[in-house]
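Quick notes on the structure that follows.
2 protein chains.
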Amino acid sequence: MISRVPLRDEVYRQILAQLQRGVLAPGARVRDVSLAAQLGVSRTPVREALLRLAREGVLETTLGRGFRVRPLDSAELREVGTILGALEALALRLSPPLDQPRRERLQQLDRRLEQTRGDVSTCLDLEDEWHRVLLEACPNRRLLELIGSLRQIPRRYLAAYMQAAGRLSLSTLPHAKILKALAEGGADSGAAVFEQQWQRGLTELESWTGRGPAVPA
Amino acid sequence: MISRVPLRDEVYRQILAQLQRGVLAPGARVRDVSLAAQLGVSRTPVREALLRLAREGVLETTLGRGFRVRPLDSAELREVGTILGALEALALRLSPPLDQPRRERLQQLDRRLEQTRGDVSTCLDLEDEWHRVLLEACPNRRLLELIGSLRQIPRRYLAAYMQAAGRLSLSTLPHAKILKALAEGGADSGAAVFEQQWQRGLTELESWTGRGPAVPA
DNA sequence: ATTTTGAGTATTGTATACAGGATATCACAC
DNA sequence: GTGTGATATCCTGTATACAATACTCAAAAT
Numbered sequence: 001m002i003s004r005v006p007l008r009d010e011v012y013r014q015i016l017a018q019l020q021r022g023v024l025a026p027g028a029r030v031r032d033v034s035l036a037a038q039l040g041v042s043r044t045p046v047r048e049a050l051l052r053l054a055r056e057g058v059l060e061t062t063l064g065r066g067f068r069v070r071p072l073d074s075a076e077l078r079e080v081g082t083i084l085g086a087l088e089a090l091a092l093r094l095s096p097p098l099d100q101p102r103r104e105r106l107q108q109l110d111r112r113l114e115q116t117r118g119d120v121s122t123c124l125d126l127e128d129e130w131h132r133v134l135l136e137a138c139p140n141r142r143l144l145e146l147i148g149s150l151r152q153i154p155r156r157y158l159a160a161y162m163q164a165a166g167r168l169s170l171s172t173l174p175h176a177k178i179l180k181a182l183a184e185g186g187a188d189s190g191a192a193v194f195e196q197q198w199q200r201g202l203t204e205l206e207s208w209t210g211r212g213p214a215v216p217a
Numbered sequence: 001m002i003s004r005v006p007l008r009d010e011v012y013r014q015i016l017a018q019l020q021r022g023v024l025a026p027g028a029r030v031r032d033v034s035l036a037a038q039l040g041v042s043r044t045p046v047r048e049a050l051l052r053l054a055r056e057g058v059l060e061t062t063l064g065r066g067f068r069v070r071p072l073d074s075a076e077l078r079e080v081g082t083i084l085g086a087l088e089a090l091a092l093r094l095s096p097p098l099d100q101p102r103r104e105r106l107q108q109l110d111r112r113l114e115q116t117r118g119d120v121s122t123c124l125d126l127e128d129e130w131h132r133v134l135l136e137a138c139p140n141r142r143l144l145e146l147i148g149s150l151r152q153i154p155r156r157y158l159a160a161y162m163q164a165a166g167r168l169s170l171s172t173l174p175h176a177k178i179l180k181a182l183a184e185g186g187a188d189s190g191a192a193v194f195e196q197q198w199q200r201g202l203t204e205l206e207s208w209t210g211r212g213p214a215v216p217a
């Protein structure tokens with residue numbers, strides 16, 4: 001099966017990777033022409049990718065002033081985090097019970113997460129993967145897609161937090177709590193704990209950023 | 001204050017209006033060049049608007065084959081409806097108590113809804129507006145935005161349902177139930193009833209479409 | 001010294017051009 | 001009549017071009 005993919009999608013992935021690696025820092029201006037040159041394509045697919053990222057909330061755009069990486073703003077994090085907490089809890093409630101193979105994959109991911117030190121990007125990839133595996137059996141594809149696109153937002157905040165606060169790894173404790181609740185209380189109980197862990201995480205990040213923008217302009 | 005708006009946004013609104021009026025029927029192919037001619041702009045902003053609609057799920061796109069209006073598929077309706085039920089319930093829980101002026105605006109909308117007969121588009125506009133007013137006090141702007149973009153999906157199904165099944169108006173009974181629960185039981189109770197009404201509505205539409213695609217290809 | 005202003009440059013938003021692939025048409029074979 | 005293949009047209013995806021707006025920075029004015 002040969003796969004062809006629109007250039008705009010490939011460009012989207014590349015830009016997203018740069019954002020996640022921090023090459024494009026919050027607040028930085030994003031010029032389509034330089035990205036196009038760097039990626040060796042024309043401005044058109046680049047702009048299509050940028051418009052998509054803007055709609056997803058990672059970039060912001062002002063008419064005539066192009067794109068910039070949206071500055072971190074703890075209010076935004078709380079807004080998106082609240083939404084994600086509800087949606088991921090919903091996905092969990094809609095999922096069939098966690099079977100043994102998937103449980104083992106989750107535990108395997110947690111082990112790798114515990115061994116990773118100092119590599120922010122890898123940590124976040126593992127964290128994303130953990131969530132993906134936990135929810136992948138949910139039959140509501142549309143919901144999973146929505147969750148996937150929203151998760152980009154907290155990811156940026158976590159990255160900034162880990163780098164700035166010198167945290168070298170992510171705790172796997174929330175994961176364990178969720179799995180425990182799932183095993184003992186079923187989907188509803190797991191979903192409740194899931195949402196609760198989201199709130200806890202939000203509070204932790206907010207206590208770090210304090211009030212106002214996490215990264216001053 | 002003179003307001004300038006990107007062409008792509010204006011084009012987006014125009015195309016959406018055509019979709020809502022049924023000028024662009026489900027399954028129909030959408031050619032950017034003819035839309036561009038019709039609107040008197042170039043293909044570029046039209047394509048930007050179409051890509052956005054595709055990401056929002058109203059259109060679908062295959063590489064090299066352009067855009068088409070996504071055929072109605074009752075599975076999609078259930079997926080999006082479940083998400084919207086959860087999100088609108090969440091928005092309600094996050095909102096301050098409904099004050100009297102807003103309650104009156106809602107009742108006013110319901111009266112207009114009851115008087116409207118046979119004009120599907122007006123009915124749906126009023127229904128959208130009712131939801132918007134109910135939730136507008138929710139402080140989570142991001143959530144409201146997401147709800148707004150998702151609501152386009154069920155709107156298409158409602159339109160098809162009303163036209164095909166010869167329903168001339170929408171019932172305001174669900175609205176009344178929600179307001180009653182809100183008044184008597186507070187936000188949580190209202191949210192629960194909200195979600196329940198969503199499920200009821202989904203079931204009603206599904207019993208009409210039966211299994212499988214609502215509109216055969 | 002600070003603010004204003006204006007020419008020049010850079011960059012955006014939109015329009016147009018181009019190339020390759022997809023669809024349609026029609027002739028011909030079976 | 002149905003199926004197959006060549007060819008011609010159309011359309012999409014991408015690249016490039018253009019015009020208008022926003023930024024830069026230095027010189028003038030307050």
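So the sequence lines, in the order shown, correspond to chains A and B. Counting in my numbering, the first sequence runs from 1 upward without gaps. Counting in my numbering, the second sequence runs from 1 upward without gaps. All C-beta atoms, glycine included, are put in the ideal place defined by N, C-alpha and C. Note that the structure is predicted; figures quoted are calculated from it, not measured.
Contact set between residue i and chain B, taken where Cβ atoms lie within less than 7 angstroms
i: residue 16(A); result: Within chain B, no residue comes near residue 16(A); the closest Cβ sits about 14 angstroms away, beyond 7 angstroms.
i: residue 60(A); result: Simply none; closest approach about 13 angstroms.
i: residue 286(A); result: In this structure chain A extends from 1 to 217, so residue 286(A) is not present and cannot be described.
Residue i - partner residues in DSSP beta bridges
i: residue 67(A); result: 30(A), 61(A)
Whether residue i touches residue j by CB criterion (9 angstroms)
i: residue 152(B); j: residue 16(B); result: yes
i: residue 205(A); j: residue 170(A); result: no
i: residue 207(B); j: residue 159(B); result: no
i: residue 176(B); j: residue 99(B); result: no
i: residue 60(B); j: residue 150(B); result: no
i: residue 30(B); j: residue 50(B); result: yes
i: residue 132(A); j: residue 20(A); result: no
i: residue 33(A); j: residue 154(A); result: no
i: residue 201(B); j: residue 168(B); result: no
i: residue 94(B); j: residue 130(B); result: no
i: residue 48(A); j: residue 65(B); result: no
Per-residue contacts from residue i into chain A (C-beta, under 8 angstroms)
i: residue 86(B); result: 86, 87, 90
i: residue 63(B); result: 4, 5, 6
i: residue 79(B); result: 140, 141, 142, 143
i: residue 76(B); result: 142
Contact set for residue i: own chain, Cβ-Cβ below 7 angstroms, skip 5 residues either direction
i: residue 217(A); result: Residue placement at residue 217(A) cannot be trusted, given a pLDDT of 37 that sits under 50; the coordinates are not used to answer.
i: residue 68(A); result: 27, 28, 29, 30, 59, 60
i: residue 54(A); result: 60, 61, 67
i: residue 83(A); result: 150
i: residue 190(B); result: 92, 178, 181, 182
Beta-carbon proximity list for residue i, same chain, < 6 angstroms, skipping 5 on both sides
i: residue 45(A); result: 7, 8, 11
i: residue 197(A); result: 174
Same chain, Cβ closer than 8 angstroms to residue i, five either side skipped, listed in chain order
i: residue 103(B); result: 179
i: residue 165(A); result: 208
i: residue 91(A); result: 135, 138, 140, 143, 144, 147
i: residue 18(A); result: 24
i: residue 41(B); result: 7, 11
i: residue 213(B); result: Residue placement at residue 213(B) is poorly supported in this model, since its pLDDT is 46, which falls under 50; the coordinates still yield a value, given next. So the qualifying residues of the chain are 71, 72, 73, 74.
i: residue 43(A); result: 32, 33, 36
i: residue 211(B); result: In this predicted model, residue 211(B) has a pLDDT of only 47, less than 50, meaning its place in the structure is not dependable; the value taken from the coordinates is given anyway. If we look at residue 211(B) and ignore the five residues flanking it on each side, its Cβ neighbours are 74.
i: residue 215(B); result: For residue 215(B), the predicted model reports a pLDDT of 46, less than 50, meaning its position is unreliable; a value from the coordinates is still stated below. Same-chain partners within the cutoff: 26, 27, 71, 72, 160.
Within chain A, partners of residue i - CB distance below 9 angstroms
i: residue 52(B); result: 51, 52, 55
i: residue 48(B); result: 47, 48, 51
| field | Inter-stretch contact at 8 angstroms, needing at least 3 Cβ pairs: the stretch 121-132 of chain A / the stretch 2-13 of chain B | value | no
| Do the stretch 129-149 of chain A and the stretch 77-94 of chain A make contact, defined as three or more Cβ pairs closer than 8 angstroms? | yes
| message | Does the structure place the stretch 74-81 of chain B close enough to the stretch 178-192 of chain B that three or more beta carbon pairs sit under 8 angstroms? | response | no
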